[in-house]
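K.L.:
In my numbering, the protein residues as written are 6 to 162.
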């Protein structure tokens, strides 16, 4: 077993401990029963999680956060970011650049806060609306690109 596998196992166990502790906290302090999840709740949680994933894995505004897990290297006068070869920063770098990996952590966090306090509804709603807006923007970009391509195809006939 390599050193990196050990770090991956440590972070996996840490995640499991956090989830179990979170469930216990919610069983005691949740402002409503966990079994009363409606379809609207699931939709809001899903959209908020989607937006958090996009925010932390892809958006420029959180690049400063992602860069903490990379090494800055000069190659022929060009500065590039490289993942460390091993260690906890490598595992965190892998986690923060993988939408599927980060999605597990983000969904656990959104669910925990959504059920912990009614005040979490507002940031979850905010993130959900931003997710729908992001999706609409992506769809409109695809439609625009397709329309431009069709226009070029017709002009070349």
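Cβ atoms here follow ideal geometry from the backbone N, Cα and C, with glycine treated the same way.
May I have the straight-line CA-CA distance separating residue 6 from residue 20, to the nearest angstrom?
P.N.:
To locate residue 6, count along the chain shown from 1; it is residue 1. To locate residue 20, count along the chain shown from 1; it is residue 15. Residue confidence for residue 6 is low, a pLDDT of 47 falling below 50, so the modelled location carries little weight; the figure read from the coordinates is stated next. Distance between the alpha carbons of residue 6 and residue 20 is about 20 Å.
K.L.:
Given a threshold of 16 other Cβ atoms within 10 Å of its Cβ, counted over all protein chains shown, does residue 145 qualify as buried or as exposed?
P.N.:
Your numbering for residue 145 matches position 140 in the chain shown. Burial call: exposed.
K.L.:
May I have the straight-line CA-CA distance separating residue 85 from residue 32, to the nearest angstrom?
P.N.:
Start at 1 with the first residue of the chain shown, and residue 85 comes out as number 80. Start at 1 with the first residue of the chain shown, and residue 32 comes out as number 27. So the two alpha carbons sit approximately 46 Å from each other.
K.L.:
Please tell me whether residue 135 and residue 56 are closer than 9 Å, where the distance is taken between their beta carbons.
P.N.:
In the chain shown, counting from the first residue as 1, residue 135 sits at position 130. In the chain shown, counting from the first residue as 1, residue 56 sits at position 51. Yes.
K.L.:
Using the DSSP secondary-structure output, state which residues sit across from residue 79 in a beta bridge.
P.N.:
If you number the chain shown from 1, residue 79 lands on position 74. Looking at the DSSP assignment, residue 79 forms a beta bridge with 84.
K.L.:
Going by the CB atoms, is the gap between residue 13 and residue 139 shorter than 9 Å?
P.N.:
Counting from 1 along the chain shown, the entry for residue 139 is found at position 134. Counting from 1 along the chain shown, the entry for residue 13 is found at position 8. No, the pair does not count as a contact, with Cβ atoms beyond the cut-off.
K.L.:
Find the nearest neighbour of residue 87 within the set 9, 75, 18 and 126, judged by alpha-carbon distance.
P.N.:
Here the question's residue 87 lines up with position 82 in the chain shown. Here the closest residue by C-alpha is 75.
K.L.:
At a cut of 8 Å, does the stretch 57-71 reach the stretch 141-156 through at least three beta carbon pairs?
P.N.:
no
K.L.:
So, residue 112 versus residue 54, is the Cβ gap smaller than 9 Å?
P.N.:
Taking the chain shown and counting its residues from 1, one reaches residue 112 at position 107. Taking the chain shown and counting its residues from 1, one reaches residue 54 at position 49. It is a contact, given that the beta carbons lie within the stated cut-off.
K.L.:
Leaving out the 5 sequence neighbours to the left and right, which residues in its chain are closer than 8 Å to residue 120 when beta-carbon positions are compared?
P.N.:
Within the chain shown, residue 120 is the residue found at index 115, counting from 1. If we look at residue 120 and ignore the five residues flanking it on each side, its Cβ neighbours are 31, 35, 36, 37 and 39.
K.L.:
To the nearest angstrom, how far is it from the Cα of residue 45 to the Cα of residue 137?
P.N.:
As a working mapping, residue 45 is identified with position 40 in the chain shown. As a working mapping, residue 137 is identified with position 132 in the chain shown. If you draw a straight line from the Cα of residue 45 to the Cα of residue 137, it comes to about 14 Å.
K.L.:
Classify residue 115 as buried or exposed, calling it buried when 16 or more other Cβ atoms lie within 10 Å of its own Cβ.
P.N.:
As a position in the chain shown, residue 115 is number 110, starting the count at 1. So residue 115 counts as buried.
K.L.:
Let me know if residue 61 comes out buried or exposed under the rule of 16 or more other beta-carbons within 10 Å of its beta-carbon.
P.N.:
Taking the first residue of the chain shown as position 1, residue 61 is located at position 56. Looking at its Cβ environment, which holds 16 or more other Cβ atoms inside 10 Å, residue 61 is buried.
K.L.:
Does DSSP put residue 14 in a helix, a strand or coil?
P.N.:
Your numbering for residue 14 matches position 9 in the chain shown. Under the three-state reduction of DSSP output, residue 14 falls in the helix class.
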